[in-house]
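Asks: Numbering (this note's numbering), first residue to last: 9 to 112.
Glycine included, C-beta positions come from ideal geometry on N, C-alpha and C.
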Amino acid sequence: MVQALETFVRQRDFRQRARLLFNIYDTDGDGFVGKNDLLSTLRHLSVEQGVSDAELSKACDAMLDAFDSDGDRRLSLQEFSDLVEQSNQLGSGDSVQKLVGSRG
Ligand SMILES: [Ca+2]
Ligand SMILES: [Ca+2]
């Protein structure tokens, strides 16, 4: 019973967190996280890490390839939630470097 409650709370927290991040990433507010949304958010996050636009663009394509399950090249809240679930550190600048791979 307690376990079920904890699971419920965790899932609710996760959904709230995913929605919060979704709203941050959806910079133009159209209800989807497209490549431009990803680019501008990641650019902002990685501003001090010297990641080039080309690398960011590649990272965005990789994210879309991995999580855009219906193929419209933008992430719905559901698709974005999957991404958040699999990258718990999304939202920290650290995640950008992981996405673009280590840089020597
Ligand atoms: Ca958008
Ligand atoms: Ca999609």
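Can you tell me the Cα-Cα spacing of D61 and Q11, whole angstroms?
Replies: Distance between the alpha carbons of D61 and Q11: 45 Å.
Asks: Since R82 and V41 are thought to touch, with beta carbons under 8 Å apart, how far apart are those beta carbons, to the nearest angstrom?
Replies: Contact flag correct, Cβ pair sits at about 6 Å.
Asks: Answer yes or no: do E87 and F75 have a C-beta to C-beta separation smaller than 7 Å?
Replies: Against a cut-off of 7 Å, the Cβ pair of F75 and E87 comes out as a contact.
Asks: Provide the residue(s) that pair with R82 in DSSP beta bridges, ordered along the chain.
Replies: Answer is G42.
Asks: Compute the beta-carbon to beta-carbon distance between L50 and L72, rounded to the nearest angstrom, for a pair I have assumed lies under 8 Å.
Replies: L50 to L72, Cβ: 12 Å. No contact.
Asks: Which of the three DSSP states, helix, strand or coil, is assigned to V59?
Replies: Looking at V59 - three-state DSSP - the assignment turns out to be coil, as it is neither helix nor strand.
Asks: Could you give the first and the last residue of the continuous alpha helix (DSSP H) run that contains T35?
Replies: From DSSP, T35 is part of no alpha helix (DSSP H); its letter is neither H nor E.
Asks: Using DSSP with H/G/I as helix, E/B as strand and the rest coil, what is S54?
Replies: The answer is coil: DSSP assigns S54 none of H, G, I, E or B.
Asks: Buried or exposed for V59, going by 16 or more other Cβ atoms inside 10 Å?
Replies: So V59 ends up on the buried side.
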